[in-house]
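Protein chains in written order, with our numbering: chain A, 114 to 324; chain L, 37 to 693.
Contents: one structure, followed by commentary.
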Amino acid sequence: MTEAAGGDSGAPHACWSCHGPITAAALFCHVCGAVQPPRPLDAFARLGFPGRFEVDAAEIDKRYRGLQQRLHPDRFTKRSPRERAIAESQAMSLNDAYETLKDPLKRAALLLERAGRSSPIGENRTIQDPALLMEAMEVREALAAATDLAAVEAIGKRAAAEDRRCIEALGAAFGAGELDKASRQLTALKYWRKLAEEIRGRRAAIAHGAG
Amino acid sequence: MLLQIHEPGQTPTPHATERGVAIGIDLGTTNSVVAIAAGETPEVLRDENGKALVPSVVAYGEDGSVEVGEGARRRLLDDPGAVVGSIKRLMGRAAGELKHLGGTLPYEVEPADDQGGMVRIRVQDRRLSPVEVSADILRALRARAETSLGQTVTEAVVTVPAYFDDAARSATKDAARLAGLTVLRLVNEPTAAALAYGLDKGAEGLYAIYDLGGGTFDISLLRLEKGVFQVLATGGDAALGGDDFDHLIAERFLAERKAQGLVHRPSIGEAKQVLAAVRLAKECLSTQERGEWRIELGGETSRHALDRATVESLIRPLLARTLSITQSALEDAGFRPTEVQGVVLVGGSTRLPLVRRELGTLFGREPLADIDPDEVVAVGAALQARALTRGEGTLLLDVTPLSLGIETMGGIVEKVIPRNSPIPVAMAQEFTTYQDGQTGMLLHVVQGERETVAECRSLGRFELKGIPPLTAGAARIRVTFAVDADGLLTVSAEEKTTGVSAAIEVKPSYGLGEDEMARMLRESMEHAQEDMERRLLIEARVEAERVLLALAAALKAEGELATPEERAQLQNLAHEIRKAAAGADRDLINGLVERLEETGRPFAQRRVDRALQGALAGHRLDEVEADMAPDARAAAGSGSSGAARTSSRVPAAPRND
Ligand SMILES: [Zn+2]
């Protein structure tokens, strides 16, 4: 594998260490072996996956770990500070790509971005969907009223089921190229994830209160 | 045809990367351990009595003497005012943060001189920072290793609780520096324990590490696979540990005395004695069912019967908290307890039979204790030290234990890096101004999971100045948080709208300013200056070696593009660099390296030009570039280096939530 990075080559770059020509996609200079700085790639390109919502989680793990094994700064402890800094940048880029591909929320947002859509879950976005808004209020009230663990668990189960449903719906929407629909499902998923956090907080509070 | 850069049998700058043995240190709240992995099997270093545990206790004599370990612990009872223990709990803490420890610390704590600085403790007539006390412990561990190895030790992997925040990590690194140790890597304790099992016992699969130390609790989930150890989630409580169990039992004893009508109120020193008696009682009850203990304070003697069941009922609520945190960590990683293939025990408090029973119930399997829970962390640290110095294939991929964020309007925290993000990591977030014409912005960096600033830990404040005066909300200030592989944070900010970018880079600091650190270094090491010089010299040699290797590789690959004159010049310079690198003149090495880069520039340009003309572009490059690993680098040499691109920081990822 050259680069997980798929495709491109572009004009040759100069290696920062020996100054010789290398392809844009090279992780290491083929002449002097120096590690090269990360290129501006999105998560799919960096780990060499096609831009699809469905991903093979085990394959993501495998490629991520394989690349980290070659690029992580710990591989460069005996190298010059400059090489260590470059390796650190590479490791940061890989971690970012890994977190994006593994998380359906970030993955979906990236796919929408790739399609030229602004993310529906960016900063300061509020829920526009009236049905979801109603549901949100109703579940929040139920959560606030829940006084024992069983009641909280019940809401938790519902949130988990909705989470799975949203992910399936996202897959279907992206598969059919229905981006509006995908955008709506992404908003819903974001909401259920936030609620799951609140449920955990509530559960911890009840558990601690009970002693 | 190719230029021979090295004389036969001579490798370039042999001492550039020469290193002694690096040690592994578990710097614990109650006890510390040092280990080395020089040969095949790691070795825990013991005293003449075969004891590996060095009590993390320091006794300060009136004459300025310092004693660490068992001897200091023994003096705890006779001369409590001169002895300091459990200092780890104060690492990176400001005075205002110690309320939850309220009165449980058996020594006097004072606020730092500066607002928000790290606390100081008063012992004898000295006023000491927790960093200095920790450095004394580290020095003793380093001395033990040096005696055992018969050589100087200057590098170490030091472990910290996974849940240690940025302040405590920085403080630990500073303490090592004071003790004359370069920290190769701060490794989280549970991760080190997993490494010990993975490397020493060949464990593979999903593992939970349950680490209940004297002052902290950590739980980590890791996937162990051949060579790669990936932390999936971590959780914990930095203020919950075996010491809390001791305090509960001590409180019971004191309450019993009161009930018996004894009126003497224990002093700080006497409180230490009670705690020492309690520890003894707790240890006894791990193996026997019941016992009776006698306490004499202020001439009043009391007797206390205690059985294991009572101890267990006292500590059960604390244990329940650890189990609840464990379950949350499992949920973070998306696993059920039964999917865990092994539960590793770390820390002396896991010897309590109740802990093992409860964990057995939660995970449906017996926890592992093949490696002594008191020693497993040091063993892992030593193995990681070996991996880092020898460049072995092992790789640790760890995560941030706590979310990092910034204060926004109304004291609300905007998270920039969520907890359990793999490190190293860089993430950015954009902020804007809220007043017309605003030219400065105060950034307040915090760490924690709560939504309001008041409930999180403040890591530092810094001001971004020089924002162009625009209408409110028009400026775009991009704040980047970068956490390195040690878990240490750097924050930078820049304003982007107008092309005028004001940037500031800040390492949050906690009480120990650079000045103060410099002073302590001067006081603690006569050779601080030499040490710094030595480090710079080694760096110059490493850089020289890189340049020589790059030149040799370039000449080997495309030597025909260099003119005979250039070759001769480059060869001469390379020779001079090798000579200089064998000496100790850092400026000479750096100057020659620069000249070599300069001289090699036309040659490099010709290489790039030829590639651009297509002779080398396309397929051939792709083919040869395939899989060069860093270590597969040809041992040849050289090149022009020169206008090297500065190491680009990572493109901080835009965030989506
Ligand atoms: Zn190169």
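Cβ coordinates follow ideal geometry from the N, Cα and C atoms, glycine included.
{"Check": "Just curious, the beta strand (DSSP E) that E261(L) is in, first and last residue?", "Outcome": "F253 to E261"}
{"Check": "Measure the alpha-carbon distance for S457(L) versus N224(L) and round it to whole angstroms.", "Outcome": "14 Å"}
{"Check": "What number of angstroms, rounded off, separates the C-alpha of A365(L) from the C-alpha of I245(L)?", "Outcome": "11 Å"}
{"Check": "Residues in the same chain with beta-carbon distance under 8 Å from T337(L), minus the five sequence neighbours each way, listed in chain order, please.", "Outcome": "R330 and I331"}
{"Check": "By how many angstroms is the C-alpha of S360(L) removed from the C-alpha of A317(A)?", "Outcome": "8 Å"}
{"Check": "Give me the chain A residues within the contact set of S349(L), using Cβ-Cβ distance strictly less than 7 Å, ordered along the chain.", "Outcome": "Within 7 Å Cβ-Cβ: nothing; S349(L) doesn't reach chain A, min ~12 Å."}
{"Check": "Does the beta carbon of S130(A) fall short of 6 Å from some heavy atom of ligand 1?", "Outcome": "yes"}
{"Check": "Does chain L have any CB closer than 7 Å to the CB of A258(A)?", "Outcome": "no"}
{"Check": "Under 7 Å, Cβ to Cβ, is there at least one residue of chain L near E298(A)?", "Outcome": "Looking at the sequence shown, residue 298(A) is not Glu but Gln. Not an interface residue."}
{"Check": "Quick check on Q187(L): buried or exposed, where buried means 16 or more other Cβ atoms within 10 Å of its Cβ?", "Outcome": "exposed"}
{"Check": "Please check the pair T190(A) and L424(L), which I expect to be a contact at CB under 8 Å, by giving their CB distance rounded to whole angstroms.", "Outcome": "5 Å"}
{"Check": "Can you check DSSP and say which residues form a bridge with T218(L)?", "Outcome": "E191(L)"}
{"Check": "Would the region 457 to 476 of chain L and the region 487 to 496 of chain L be scored as touching if the rule is three or more Cβ pairs under 8 Å?", "Outcome": "no"}
{"Check": "Would you identify the three-state DSSP class for S232(A), choosing helix, strand or coil?", "Outcome": "coil"}
{"Check": "Name the DSSP beta bridge partners of P458(L), please?", "Outcome": "V435(L)"}
{"Check": "Please confirm whether any heavy atom of ligand 1 lies closer than 6 Å to the CB of G427(L).", "Outcome": "no"}
{"Check": "Go ahead and label H126(A) buried or exposed: buried means 16 or more other beta carbons lie within 10 angstroms of its beta carbon, across all protein chains shown.", "Outcome": "buried"}
{"Check": "For D621(L), which of D645(L), R401(L), L573(L) and E634(L) has the nearest alpha-carbon?", "Outcome": "L573(L)"}
{"Check": "For a cutoff of 7 Å on Cβ pairs, would you count E443(L) as touching chain A?", "Outcome": "no"}
{"Check": "Would L431(L) count as contacting chain A if we go by Cβ distances under 7 Å?", "Outcome": "yes"}
{"Check": "Indicate whether at least one CB of chain D lies closer than 7 Å to the CB of P233(A).", "Outcome": "The displayed structure is made up of protein chains A and L, and chain D is not among them."}
{"Check": "Would G509(L) and T468(L) be called neighbours here (beta carbons separated by less than 7 Å)?", "Outcome": "yes"}
{"Check": "What three-state label does DSSP hand I407(L) in the structure shown?", "Outcome": "coil"}
{"Check": "Does any residue of chain L have a CB that is nearer than 7 Å to the CB of I268(A)?", "Outcome": "no"}
{"Check": "When the distance is taken between beta carbons, is I61(L) closer than 7 Å to A192(L)?", "Outcome": "yes"}
{"Check": "Count the C-beta pairs between the region 521 to 532 of chain L and the region 198 to 215 of chain L that are closer than 8 Å, then say yes if the count reaches three, no if not.", "Outcome": "yes"}
{"Check": "Decide yes or no for the touch test of the region 168 to 176 of chain A against the region 397 to 407 of chain L: beta carbon pairs closer than 8 Å, at least 3 of them.", "Outcome": "no"}
{"Check": "May I have the straight-line CA-CA distance separating Y304(A) from A273(A), to the nearest angstrom?", "Outcome": "12 Å"}
{"Check": "Assign E201(A) to buried or exposed, taking buried as 16 or more other Cβ atoms, counted over all protein chains shown, within 10 Å of its Cβ.", "Outcome": "buried"}
{"Check": "Step through the CB atoms of chain L and report whether any lies within less than 7 Å of the CB of R178(A).", "Outcome": "yes"}
{"Check": "So which residues on chain A does D434(L) lean against when the C-beta distance must stay under 7 Å?", "Outcome": "None at all; the shortest Cβ gap to chain A is about 11 Å."}
{"Check": "Could you compute how far the alpha carbon of P666(L) sits from the alpha carbon of L597(L)?", "Outcome": "Bear in mind that the predicted position of P666(L) carries a pLDDT of just 39, short of 50, making it too unreliable to give a figure here."}
{"Check": "List the residues that DSSP assigns as beta-bridge partners of A130(L).", "Outcome": "M154(L)"}
{"Check": "Return the residues of the region 162 to 187 of chain A that lie within a Cβ-Cβ distance of less than 7 Å from chain L, sorted by chain order.", "Outcome": "R178, Q181, Q182, R183, H185, P186 and D187"}
{"Check": "What is the DSSP secondary structure of L388(L), counted as helix, strand or coil?", "Outcome": "coil"}
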